[in-house]
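Right, one structure below, let's go through it.
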Amino acid sequence: MLWGSRADLRTESTKAMDELDLKIIGILQADGRASNAKIARAVGVSEGTVRRRLRRLIKDDIVHVVAVPNLEKMGYGTTALIGLETGPGKSDSVAESIADLDEAHYVVVATGPYDVFVWTALESAESLGDFLRTRIGVIDGVQKTQTFVTLSTKKRFTRV
Numbered sequence: 112m113l114w115g116s117r118a119d120l121r122t123e124s125t126k127a128m129d130e131l132d133l134k135i136i137g138i139l140q141a142d143g144r145a146s147n148a149k150i151a152r153a154v155g156v157s158e159g160t161v162r163r164r165l166r167r168l169i170k171d172d173i174v175h176v177v178a179v180p181n182l183e184k185m186g187y188g189t190t191a192l193i194g195l196e197t198g199p200g201k202s203d204s205v206a207e208s209i210a211d212l213d214e215a216h217y218v219v220v221a222t223g224p225y226d227v228f229v230w231t232a233l234e235s236a237e238s239l240g241d242f243l244r245t246r247i248g249v250i251d252g253v254q255k256t257q258t259f260v261t262l263s264t265k266k267r268f269t270r271v
């Protein structure tokens, strides 16, 4: 098999997870407000088992149960992915500086033509321009940016 089994692809930190954990996570992805009792009924175990499993998944930093806002309905009409080229050895420091910005919702260091990617949601195209000029462009190590403005969103999240 080219990629091996699903279990073979897990990292060391997730090898302790089993199908029950994945089912619990899947239910919470569909309904983050699902009670332990509802989850227990859906997967066929006791509420205590779900409570213990969920406590471990949270403690081990495998899942976070949070509210996911609809940014468009909150007035953030412009979303964009920004690719950044940085100077040699500057990727991590640039990414860390950007991660401190409230406007930066997702920041990664990557391979390929861009060293850092940033996902942002702002009120308008004008706000995006200001963000690029006054917040990103002034960071030491940023050499070049390319911005990809979202035209429409077809999928926001994926399930395990």
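To convert, note that position 115 of the sequence shown is 226 in the numbering used here; the numbers rise steadily by one, no gaps.
We put the beta carbon where it would ideally sit given N, CA and C, even for glycine.
- Beyond the five residues adjoining it in sequence on each side, Leu212 comes within less than 7 Å, by CB distance, of Arg246 in the same chain, given in chain order.
- Ranked by Cα distance from Leu262, the options Glu183, Lys170, Asn147, Ile173 are led by Glu183.
- Contact annotation: Ile193 and Val218 have beta-carbon atoms that are not nearer than 7 Å.
- The residue from Leu168, Asp251, Phe268, Leu243 with its alpha-carbon nearest to that of Gln257 is Leu243.
- If you draw a straight line from the Cα of Val177 to the Cα of Ile169, it is about 11 Å long.
- Straight-line spacing of the CA atoms in Asp172 and Leu139 works out to 15 Å.
- By the Cβ neighbour-count rule, Met128 is buried, with 16 or more other Cβ atoms within 10 Å of its own.
- Under a 10 Å Cβ-count criterion, Ser157 is classified as exposed, with fewer than 16 other Cβ atoms of the shown protein chains found around its own Cβ.
- In the three-state reduction of the DSSP assignment, Glu234 falls in the coil class, being assigned neither a helical nor a strand state.
- Contiguous alpha helix (DSSP H) elements confined to the segment 200-251 occur at 202-210, 236-242, taking only those with 4 or more residues.
- Excluding its 5 nearest sequence neighbours in each direction, Ile209 has C-beta neighbours in its own chain below 6 Å: Ala215, Val218, Val229, listed in chain order.
- In the same chain as Gly143, and ignoring 5 residues on each side of it, the C-beta atoms closer than 8 Å to its own belong to Val176, Val177, Ala178, Val179, in chain order.
- Per DSSP, Glu196 is one residue of the beta strand (DSSP E) stretching across 189-197.
- Annotation for Lys134: the continuous alpha helix (DSSP H) segment containing it runs 130-141.
- As the crow flies, the alpha-carbon of Lys134 is around 12 Å from that of Lys149.
- For a cut-off of 8 Å, the C-beta gap from Arg162 to Asn147 is around 5 Å, short enough to register as a contact.
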